[in-house]
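Take a look at the structure set out below.
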Amino acid sequence: MKNLNPMDFENDSLLSDLQGNILKGHGRDHTTNIFLQFKNTEKAKNKAKKWLNEFAEKNVTSFKKQLRERDLFKRNKIDGGIFSTVLVSASGYDYFLGIGKQTKLKDMAFIEGMKKRIQLNNDPKKEDWEGGFQHDSHILVILADDNSNRMGAFSKNLLEEIQEFADIHCIQYGNALRNANGDGLEHFGYVDGISQPLFLKDEVDAYMSFHAITDKNKLKFDPTADTDLVLVKDPYSKEANAFGSYFVFRKLEQKVQKFKKRESELHFGELGGASIVGRFEDGSPVSLDKEDGIIGSGNFNNFNYDTDPSGGRCPHFAHIRKVNPREADTQKRIMARRGIPFGQRNVSTEVDPNFEQMPTGGVGLLFMSYQKSIVDQFEFIQQAWANNKDFQHSKTGIDAIIGQSDDPTARTYNFPIPYGKAPTNLPANQRQFNQFVDMKGGEYFFAPSISFLKNM
Ligand code: HEM
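First residue of the sequence shown? That's 60 in our numbering, and the numbers climb one at a time after it.
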């Protein structure tokens with residue numbers, strides 16, 4: 060379904076049984092992500108089921124509720140309160156339903172779990188993951204709130220409630236970073252979350268008006284997405300209109316100080332970093348055509364690479380070009396990204412800190428995404444594009460931000476100098492850009508319908 064209109068009564072059963080955060084981000088600035096494994100006794104299992112039924116009934120935020128809260132906030136500035144969602148891993152389904160590989164949730168990556176896909180994704184070996192992620196988690200509970208004290212108190216109660224029948228393997232905390240405009244940043248200092256698939260009619264209308272375009276056929280990049288891009292029928296709910304979505308969680312640590320130092324050594328100034336990401340720090344795409352204008356273009360997303368085939372403006376190894384080449388047949392790979400930064404900084408990005416003031420570790424991105432297929436969306440993007448030095452052209456190099464490869468030549472890049480000219484062969488010491496993002500662990504999940512969670 061395209062251009063979903065929440066006002067349309069026909070969509071009511073879908074919206075009230077679907078968990079929030081899938082078709083639109085919850086928008087809260089603080090999150091608590093609790094990974095847990097239920098204890099392996101019949102008694103614990105019964106208690107766990109009962110707890111989940113009640114938690115789904117009372118706390119899990121439906122998409123309908125999320126939208127209502129968004130409207131209240133827009134109109135009356137009434138804060139939506141705590142947002143909650145529950146994600147279940149393949150081992151979680153196995154624990155509750157005892158179905159193992161016979162599951163009706165057919166995505167192979169989900170069935171196997173992230174640890175069995177280490178080689179495919181070229182991830183670090185399991186022994187190098189953070190301790191908590193080395194265990195199998197049955198479920199992940201995400202709480203989100205703008206009020207971190209309220210969220211802290213709520214999660215404290217929750218942890219006390221479940222400790223009798225569950226082992227908490229790890230808790231990850233997310234904290235949004237914002238620039239003066241209020242745009243969300245990631246730790247390297249770039250605005251994130253600009254390019255997203257848009258499912259709701261009002262979001263598509265806002266996109267058209269932001270880009271001052273009335274005729275959809277004139278769009279250079281149309282983010283209008285069918286709900287099929289992320290939704291899957293929930294095979295374990297008895298309700299007719301029950302949907303869920305596959306979910307990816309990855310903890311990605313960012314070596315900020317080293318990244319920023321290397322970025323500054325790229326001898327073409329601000330353009331250096333923009334060539335790595337594909338956007339300037341404020342979000343302006345590095346590949347804009349003249350007619351698109353430059354000033355105030357931070358949230359600009361109506362562009363493609365048709366007039367930049369050689370990568371003279373946006374190199375093929377730049378993060379956003381690797382992970383979304385913006386061609387008609389690559390639209391089906393797009394995911395709904397819902398990540399949030401983690402870790403505290405002593406000096407805010409707003410101050411434009413000195414290298415010595417920048418974090419050397421302990422900060423990064425809790426990458427999260429919803430999709431219809433982990434194999435065809437997240438994994439395809441990571442494996443076939445980001446980790447592939449020959450995508451889109453031979454010897455392009457891997458994704459400069461998230462590429463993972465053992466090949467020593469995979470991070471040797473031809474930067475376009477001067478801007479606009481086809482990339483040239485630079486001296487060897489100018490061409491290397493190392494890996495500054497390290498994967499610390501994660502898991503694949505499914506976000507089931509609320510009716511499933513309530514009646515399990
Ligand atoms: C620490 C790790 C990461 C950092 C610092 C990062 C940073 C960014 C930034 C700054 C943008 C531009 C904002 C926007 O267009 O929305 C972006 C976009 C994007 N990122 Fe990442 N990202 C990271 C990890 C990932 C991963 C693991 C994936 C998927 C495998 C991914 C996929 C995307 C996609 C699909 C876009 C939108 C591209 C477009 O449509 O033009 N990112 N990222």
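Every residue gets a Cβ at the ideal spot worked out from N, C-alpha and C, and that includes glycine. Every value quoted in this text rests on a predicted model; they were computed, and no experiment measured them.
- Selection 361, 368, 80 evaluated against residue 265 yields 361 as nearest (Cα-Cα).
- Counting C-beta pairs with one atom in each stretch, the segment 171-186 and the segment 216-225 have fewer than three that are closer than 8 Å, which means they do not touch.
- A check of alpha carbon separations from residue 218 across 334, 95, 256 identifies 95 as the nearest.
- Measuring C-alpha to C-alpha distances from residue 258 to each of 324, 272, 284 identifies 284 as the nearest.
- Nearest to residue 421 by C-alpha distance, out of 453, 481, 135, 233, is 233.
- Just measuring C-alpha positions, the residue of 279, 430, 489 sitting nearest residue 387 is 279.
- Bounds of the alpha helix (DSSP H) holding residue 111 are 101-117.
- For residue 479, there is no enclosing alpha helix (DSSP H), as DSSP gives it neither H nor E.
- Of the candidates 367, 174, 84, 320, 367 places its Cα closest to the Cα of residue 348.
- Burial check for residue 315: the Cβ neighbour count within 10 Å reaches 16 or more, so the residue is buried.
- Beta-bridge partners assigned by DSSP to residue 394: none are found.
- Excluding residues up to 5 positions away in sequence, 280, 363, 364 lie with their Cβ nearer than 7 Å to the Cβ of residue 385 in the same chain.
- When only Cα atoms are considered, residue 271 and residue 83 end up about 23 Å apart.
- Between the segment 154-164 and the segment 115-132 there are fewer than three C-beta pairs closer than 8 Å, too few to call the two in contact.
- Contact between residue 466 and residue 448 holds: their C-beta atoms lie close to 7 Å from each other, under 8 Å.
- Out of 144, 172, 114, the CA that lies nearest to the CA of residue 194 is found in 172.
- Counting along the chain, residue 310 sits inside the beta strand (DSSP E) bounded by residues 302-313.
- In this structure, residue 417 keeps its C-beta atom at 9 Å or more from the C-beta atom of residue 397.
- For residue 331, the three-state secondary structure derived from DSSP is helix.
- Within the DSSP bridge table, the entry for residue 121 names 78 as partners.
- Distances taken from the Cβ of residue 346 to the heavy atoms of ligand 1 include none shorter than 8 Å.
- Within a 10 Å sphere around the beta-carbon of residue 486 sit fewer than 16 other beta-carbons, which makes this residue exposed.
- Judged by pairs of C-beta atoms under 8 Å, the segment 240-247 touches the segment 397-408, as three or more such pairs exist.
- A heavy atom of ligand 1 is found nearer than 8 Å to the CB of residue 496.
- Cβ-Cβ separation between residue 392 and residue 249: approximately 21 Å, too far for a contact (criterion under 8 Å).
- In its chain, beyond the 5 residues on either side, 342, 358, 360 have a beta carbon closer than 7 Å to the beta carbon of residue 253.
- Around residue 437, the same chain offers 307, 394, 428, 430 as residues with beta carbons nearer than 7 Å, after the five sequence neighbours per side are excluded.
- The Cβ-Cβ distance between residue 510 and residue 275 does not fall below 9 Å.
- The C-beta separation of residue 205 from residue 89 comes to about 7 Å, placing the pair in contact by the 8 Å criterion.
- DSSP, reduced to helix, strand and coil, places residue 429 within a strand of the structure shown.
- With a threshold of 16 other beta carbon atoms within 10 Å, residue 478 falls short and is exposed.
- Taking 8 Å as the cut-off, the C-beta of residue 470 does not count as close to any heavy atom of ligand 1.
- Residues 91, 202 of the same chain have their beta carbon placed closer than 6 Å to that of residue 214, with the five preceding and five following residues left out of the count.
- In this structure, residue 417 has its beta carbon at no less than 8 Å from each heavy atom of ligand 1.
- Under the three-state reduction of DSSP output, residue 389 falls in the helix class.
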